[in-house]
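Q: The structure's right below; bear with me while I get my questions together.
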Amino acid sequence: MKPVDPELKKIITNFLSEEQTDVRRIFHGRGQRYPGLEHVCVDWFSPSVLITLFNDYDQLEELASHINAVDIHQQVGSIVVQKRFEKGVPAIALKGAISEELIVSEGALRFEVHFGKHQNIGLFLDMRLLRDWLQKHSKDKNVLNLFAYTCSLSVAALAGGASSVTNVDMSKPSILWGEKNHRLNNQESDRVKSIPHNIYKSWGRTHQFGRYDLVIIDPPTRQKGSFDVTKNYPSVIKRMSKLCNPGAEIIATVNSPFLDENFLLDLFAKHLPQSQFVSTMEVAPEFEDAFPERGLKIYRFSYMA
């Protein structure tokens, strides 16, 4: 049996050499910078290590032994493996128990994550720097969060002083989960508007809360029966002229290996000519990709009415 890759061992050893309180991607095999480990990712959700596999990996027991051996601060309470490549996305515990509901921290923010219930556990770690940015640039703004999922970006916006946030997502369980995240951060419920509907059936309600100073568009690449990024993104962009205040900022994302850096730039130029491209926004460095054009792309636009 092959031993655990030395580079993977080194990265985990370095991470656990210090006490870690914040959620973080430890090892990003999906970035294709580590040959033979493209199917392995390791995350930290204190006190749990989550190993996500996208294909078979024969060194699990050895990897768990290494994690235990280098846990010098005795901070690892459980080691959980999620097998994305198997039907039902099963999760197993190599150490401790699977915490189906766990409260974790990212800086001053707190979020609830779920192991063993869903494919996605409730918090996308690659958006860490965007949450930081929102905490610094949301003061007194009316924020619209489209495809809000569990509302982590809205939590960050309110923490940054936003006057209000409106969360739109077709999944009612996700919206309810997001409302719990707002409560975890002691954010006033009257500053949070929730619309648990298909985005195309909720434009009327979205308009009811006035025009917005900051709009976040963070869609799934493909959501069965609801959203296809190549087919449906243009119609969302067209709506911005009816939703944005003059000078509003629009944060738009796309995460597909088949759509390059020009995809969103071209769509905004064509469907919202009143907008101006401001900058790309950095993805958390722990998600470094050998082919960044294939990974998560975050763009910032200004609406110039």
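Start counting at 1 in the sequence shown, then tack on 489, and there's your number in this note's numbering. Note that CB positions come from ideal geometry on N, CA and C, so glycine has one too. Predicted model only: the values in this text are computed from it and were never measured.
(1) What span of residues does the beta strand (DSSP E) with PRO735 cover, start to end?
(2) Applying the criterion that 16 or more other CB atoms from any shown protein chain within 10 Å of the CB defines a buried residue, is GLN608 buried or exposed?
(3) Throw me the rounded Cβ distance for the THR639 and GLY605 pair, which I believe falls under 8 Å.
(4) May I ask you to report which of helix, strand or coil DSSP gives GLU551?
(5) Determine the burial state of ILE740: buried for a count of at least 16 other Cβ atoms within 10 Å of its Cβ, exposed for fewer.
(6) Please report how far the alpha carbon of SER678 lies from the alpha carbon of GLN571, in whole angstroms.
(7) Among LYS630, LEU635, ILE500, which one has its Cα closest to the Cα of ALA648?
(8) Flag LEU673 as yes if its beta-carbon sits less than 8 Å from any beta-carbon of chain D, otherwise no.
(9) Are three or more beta carbon pairs between the segment 534-547 and the segment 567-585 nearer than 8 Å?
(10) Between ILE561, LEU526, ASN670, ASP545, which lies nearest to GLN509 when the distance is taken from Cα to Cα?
(11) Out of curiosity, what's the CA-to-CA distance linking PRO495 and SER554?
(12) Please check the pair VAL654 and VAL681, which I expect to be a contact at CB under 8 Å, by giving their CB distance rounded to whole angstroms.
(13) Considering only residues of the segment 622-704, which uninterrupted alpha helix (DSSP H) runs meet the minimum length of 4 residues and lie entirely inside it, listed in chain order?
(14) Tell me MET770's beta-bridge partners as DSSP assigns them.
(15) Within a Cβ cutoff of 8 Å, which residues of the same chain sit near GLY520, ignoring the five residues on either side of it in sequence?
(16) Under the DSSP definition of a beta bridge, which residues are partnered with ALA580?
A: Considering the structure as presented:
(1) 733-744
(2) For GLN608, the number of other beta carbons within 10 angstroms of its own is below 16, and it is reported as exposed.
(3) With a beta-carbon spacing of about 16 Å, THR639 and GLY605 fall beyond the 8 Å limit used to define contacts.
(4) Assignment of GLU551 by DSSP, reduced to helix, strand and coil, places it in the helix class.
(5) So ILE740 ends up on the buried side.
(6) 34 Å
(7) Scanning LYS630, LEU635, ILE500 for the CA closest to the CA of ALA648 turns up LYS630.
(8) Although the question refers to chain D, the structure presented lacks it and comprises just one protein chain.
(9) yes
(10) For GLN509, the nearest C-alpha among the options comes from ILE561.
(11) 14 Å
(12) 6 Å
(13) 641-648, 661-673, 692-697
(14) ILE787
(15) Contacts found: PHE776, GLU777, ASP778, ALA779, GLY784.
(16) Per DSSP, GLN571.
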